[in-house]
Amino acid sequence: MTAVDDPHRSPGPVATAEATPAARGSDFLQLDPGAAPARDRVGWLADELRRAVQDGRLGLGSRLPATRILAAELGFARGTVVEAYRRLAETGVLDGDRGAGTRVVAVPSVVGSTPPTADSVIDVASGLPDLAAFPRAAWLRAEREVLATATATELGYAHPQGSPALRHELAAWLARSRGIRTTAEQVVITAGVTGALSLLAQVLRERGVRSCAVEDPSAHGNRVILQAWLDDVVGVPVDDQGLVVADLAVTGRSAVLVTPAHQYPTGVVLSPARRRELVAWARAEQRWVIEDDYDSEYRYDRAPVPALHPLAPDRVVHVSSLSKTLAPALRLGWMVVPDALRAEVVHRRWATDLGSPVVPQLVLAELLRSGTLERHLRAMRVRHRRRRDAAIAAIGRHLPGCDVLGIAAGVHLLVRLPPGVDDVALCAAAADRGVRVHPLSALRFAPGGPGLVLGYAAQPPRRVEEAVAVLGELLPSA
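For the sequence shown, counting from 1, position 159 maps to 159 in full-length UniProt numbering; every step adds exactly one.
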């Protein structure tokens with residue numbers, strides 16, 4: 001076997017434009033390249049080969065065709081076949097040696113016969129972007145530029161408020177993208193939205209705020225962070241206009257966390273009338289609104305929804321992060337903080353950890369300055385919209401009769417299940433089948449209708465289809 005045939009090697013630059021497979025096929029396993037999704041031929045081929053080993057069509061010791069030959073028969077780029085072989089070699093199914101070819105050396109477990117491994121689980125619970133599309137090359141270019149030009153001062157201890165360069169670029173970007181007129185002095189860099197909520201909860205507690213209201217339903221993780229610092233967190237109902245401000249008013253709380261642009265998890269937009277009510281509630285007795293703008297960058301079937309912050313910049317703390325924009329692993333977020341709170345927030349950040357790492361901040365500043373981040377987001381909107389459309393189609397096929405909500409924006413949608421379905425039990429059964437999805441009931445304070453919160457952006461359409469098919473099989477018994 002040549003070096004390229006070695007499944008342990010990266011295909012490198014050998015991949016070329018692939019031929020249209022309509023009139024092609026392979027006698028080997030009767031593979032039909034026309035069935036392969038155009039955007040994931042590697043995954044399709046690897047799955048076909050894995051199934052052939054599982055069902056005995058390829059027994060132990062069976063030799064696979066050379067990558068060059070199979071690629072020609074299928075009309076695929078040779079690199080596609082090399083990568084499929086490599087994936088199976090990494091899991092111990094195949095092995096290859098120069099001169100001996102690629103052979104089957106182990107039989108993978110049949111899905112369902114053993115508990116699913118982390119690699120085999122289809123995770124549609126996480127509301128993540130497509131992390132495979134992270135702009136690695138652009139990030140590396142920006143990081144090289146930063147390291148080549150950073151001053152000695154910039155490589156020292158940073159101000160706990162964050163890099164001035166990044167705060168300047170964020171202020172400009174927020175003005176362009178969210179209509180927020182702010183300055184670098186009002187921006188505080190945080191360790192994601194989680195870090196922002198932790199800082200705010202501590203500062204509010206020091207000011208005598210011992211309890212906070214959140215939307216019902218809402219993100220469980222945010223509630224946990226607030227509960228770590230405050231005595232109590234209460235839920236306020238959400239309807240088709242967003243947070244029910246009249247119900248908020250009777251709670252007696254003086255702070256609330258909201259997701260007005262795309263309510264999590266329902267996808268509802270806070271209506272103009274409710275926005276005015278919420279601002280009036282905040283100003284009536286000097287209360288605080290925390291605006292979690294977690295995925296406003298992604299919109300598909302609607303005009304941009306303005307941020308809440310411009311309506312009351314003295315009462316609204318705007319928070320967001322890179323978790324949906326680029327990747328949560330970066331742990332970079334920001335707040336636009338009212339003047340009355342800023343000194344306390346910055347002091348609390350200093351006392352906690354001195355601030356965020358400097359180099360990633362400077363890299364993000366460069367991506368914003370050059371327009372690279374905005375170009376990336378435009379491309380991701382197209383990519384995520386296609387995945388959303390595929391998810392909706394899959395739900396129509398496998399979960400007929402279920403309503404789908406919150407599809408105009410974001411990276412997740414809400415599937416409303418028929419009354420009487422136990423969504424927690426359904427999700428537990430799905431987990432046993434290798435599908436991870438969130439039950440709506442787990443995000444509620446008060447009882448309500450069952451549902452599923454399904455993230456579609458992080459998985460290829462084929463994987464989402466598989467997940468939804470499993471849910472469709474399990475639904476009648478849930």
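The beta-carbon is built from N, C-alpha and C at its ideal position, and this holds for glycine as well.
Computed from a predicted structure; not experimentally measured.
Can you list, in chain order, the stretches of the alpha helix (DSSP H) that have 4 or more residues and sit fully within the region 305 to 354? 339 to 353
Per-residue DSSP class, three states only, for S477: helix
Residues near A391 by beta carbon distance below 6 Å, same chain, minus five either side: Y456 and V464
To the nearest angstrom, report how far apart V105 and L326 are at their CA atoms. 39 Å
Outcome for P65 when other beta-carbon atoms lying within 10 angstroms are tallied against a minimum of 16: buried
Alpha carbon to alpha carbon, how far is G208 from I290? 16 Å
3-residue-minimum beta strand (DSSP E) runs that sit fully inside the region 186 to 241, ordered along the chain: 187 to 190, 211 to 216 and 232 to 239
Assuming A142 contacts V345 (C-beta within less than 8 Å), just tell me the rounded distance between them. No, A142 and V345 are not in contact; Cβ-Cβ is about 28 Å, not under 8 Å.
In three-state terms, what does DSSP make of T372? helix
Cα separation between H168 and P447? 45 Å
Quick one: grab the DSSP three-state call for S113. Bear in mind that a pLDDT of 43 at S113, under 50, signals an unreliable position, so the number given afterwards is only what the model happens to contain. DSSP places S113 in coil when its eight states are reduced to three.
Please report how far the alpha carbon of R302 lies from the alpha carbon of Y157, in whole angstroms. 43 Å
Take R223 as the anchor and find which of D292, T251, G179 and R383 has the nearest alpha-carbon. D292
Strand pairing of P439, partner residues [DSSP]: L452
How many Å lie between P450 and H412 at the Cα? 16 Å
In whole angstroms, give me the CA-to-CA distance for L88 and L94. 6 Å
Hey, quick one: how far does the beta strand (DSSP E) through T67 stretch, first residue to last? Per DSSP, T67 belongs to no beta strand (DSSP E); it is in the alpha helix (DSSP H), T67 to L74.
Under the three-state reduction of DSSP, which class applies to L88: helix, strand or coil? helix
Specify, as a first and last residue, the run of the beta strand (DSSP E) that E277 falls within. Per DSSP, E277 belongs to no beta strand (DSSP E); it is in the alpha helix (DSSP H), P272 to A284.
Which of the three DSSP states is assigned to V121 in this structure? coil
Through-space distance from H309 to P21, alpha-carbon basis: For P21, the predicted model reports a pLDDT of 38, less than 50, meaning its position is unreliable; a value from the coordinates is still stated below. Distance between the alpha carbons of P21 and H309 is about 52 Å.
What's the gap between the Cα of S296 and the Cα of A409? 7 Å
Flag this pair as yes or no: are the beta carbons of A71 and R78 separated by less than 8 Å? yes
Mark D240 as exposed unless 16 or more other C-beta atoms lie within 10 angstroms of its C-beta, in which case mark it buried. exposed
Between the Cα of A365 and the Cα atoms of L354, R388, W334 and A393, which residue gives the shortest distance? W334
Residues bridged to V103 (per DSSP): As written in the sequence, residue 103 is Arg, which differs from the Val given in the question. Answer is R63 and D95.
Name, in chain order, the residues that DSSP records as bridge partners for A409. R299
Where D389 sits in the DSSP three-state scheme: helix
Do the CB positions of V214 and G235 come within less than 8 Å of each other? yes
For I395, name the three-state secondary structure that DSSP assigns. helix
Within the continuous alpha helix (DSSP H) that includes A172, where are the two ends? P164 to R178
Return the chain-ordered list of same chain residues with a C-beta closer than 8 Å to the C-beta of L29, the five sequence neighbours on each side being excluded. E48, L49, A52, R57 and L58
Can you tell me which residues form a DSSP beta bridge with L58? L58 pairs with nothing; no bridge assigned.
May I ask which residues mark the beginning and end of the beta strand (DSSP E) holding V244? Element bounds for V244: n/a, residue is neither H nor E.
Member of V250, L199 and A255 whose CA lies at the smallest distance from the CA of V233: A255
What is the DSSP secondary structure of L426, counted as helix, strand or coil? helix
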